[in-house]
Amino acid sequence: MTDIPDSLRDYMQSSHLAMSLADAGEGDMPLIAANDGFRKLTGYADSEIVGRNCRFLQHDLREQPGLDAIRLMIADQGRETSRSMIINFRKDGTPFVNLLTLTRLRDATKKTRFMFASQYDVTHTAPRELAHYDDRLVAAFRSDFGERESNQFLIGSIHAITDAAVTIAQARMLLEEADRAGSLY
C-alpha cells in the first residue's frame, strides 16, 4: 500500500469536506484513506472502506450518466479532474446524489500517485437525479420550485470549495516530497 504523505493525511483529517483517497498505483484503485466527513456522509467505518474501490457506494447502479465522465478521466492521463453528479448509497441503503470531484494528485515526476475525491450530498439541489428512487422527494422539490437559482449558487460555491481543496492537497503532497528529498532548504 502506498504511503500517504503526512501533510496530505493531516489535511484530509482536518477538513470538514467529505474526502477520500485512492491508490492510483493499484489496479482497481482501492481507497486507502477517508476522512470523518466521508464516514459521516456514507455511514461506513474505515474498516469497511479501506481496500475497496469506491464503486461499492453505487450498489448495483453501475450505469449512470455521471459515470461516463469519471471513466473517461481515469482512462485519459491528460485529464486532471472530473466533476459529476452520481447516485450513491449510504450504508443503510439510503440513496443520495453525490457531487463527486475526482482529481489526480501527481508526484514531482508528474506520475499520478493518488486519486483524490471530495464528495458533497446535493440530494436537495438535484431532485431529478433521484426520480427513480424517491418520488416523494421529487414532489417536495416541485412544490418548492423557487429555490432553483439558490441551488445553482450553492453548486457553484461547492465547485469553488472543492477546487481549493484539491489545490491544497496537491500542494501539501508536493511540499512533503520536496522536504523529504531535501530540496526545500
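Numbering (full-length UniProt numbering), first residue to last: 1 to 185. Idealized CB from N, CA, C, for every residue including glycine.
Quick check on residue i: buried or exposed, where buried means 16 or more other Cβ atoms within 10 Å of its Cβ?
{"i": "LEU21", "result": "buried"}
{"i": "ASP3", "result": "exposed"}
{"i": "LEU72", "result": "exposed"}
{"i": "GLN77", "result": "exposed"}
{"i": "ALA45", "result": "exposed"}
{"i": "THR94", "result": "exposed"}
Please report the straight-line C-alpha distance between residue i and residue j, rounded to a whole angstrom.
{"i": "THR109", "j": "LYS91", "result": "38 Å"}
{"i": "ALA126", "j": "GLN64", "result": "Annotation note: pLDDT 48 at ALA126 (below 50); position unreliable, coordinate value reported separately. Taking the straight line from one Cα to the other gives about 15 Å."}
{"i": "GLN13", "j": "PRO5", "result": "12 Å"}
{"i": "GLY27", "j": "PHE114", "result": "12 Å"}
{"i": "ALA24", "j": "GLU48", "result": "19 Å"}
{"i": "HIS59", "j": "ALA75", "result": "22 Å"}
{"i": "PHE96", "j": "VAL122", "result": "7 Å"}
{"i": "ILE32", "j": "LEU61", "result": "23 Å"}
{"i": "LEU67", "j": "SER7", "result": "30 Å"}
{"i": "ARG55", "j": "SER15", "result": "23 Å"}
Is residue i helix, strand or coil by DSSP?
{"i": "ALA33", "result": "strand"}
{"i": "PRO95", "result": "strand"}
{"i": "SER20", "result": "strand"}
{"i": "THR42", "result": "helix"}
{"i": "LEU105", "result": "strand"}
{"i": "residue 186", "result": "No information on residue 186 is available, as it lies outside the stretch 1 to 185 that the chain covers here."}
{"i": "SER14", "result": "helix"}
{"i": "LEU100", "result": "strand"}
{"i": "ILE87", "result": "strand"}
{"i": "ARG9", "result": "helix"}
Given residue i, which residues of its chain have a CB within under 6 Å of its CB, disregarding the five upstream and five downstream residues?
{"i": "ARG106", "result": "THR112"}
{"i": "ARG104", "result": "GLU80 and THR112"}
Leaving aside the five residues before and after residue i along the sequence, list all residues of the same chain whose C-beta is less than 8 Å from its C-beta, in chain order.
{"i": "LEU57", "result": "THR42, ASN88, PHE89 and ASN98"}
{"i": "ILE70", "result": "SER82, SER84, ILE86, LEU100 and LEU102"}
{"i": "ARG52", "result": "PRO30 and LEU31"}
{"i": "VAL50", "result": "PRO30, LEU31, ILE32, ALA33 and ALA34"}
{"i": "ARG9", "result": "ALA33"}
So with Cβ pairs under 8 Å, would you call residue i a contact of chain D?
{"i": "GLY37", "result": "The question asks about chain D, but that chain is absent: this structure has only one protein chain."}
The segment 64 to 84 in contact with the segment 34 to 41 per 3-pair CB rule at 8 Å: no
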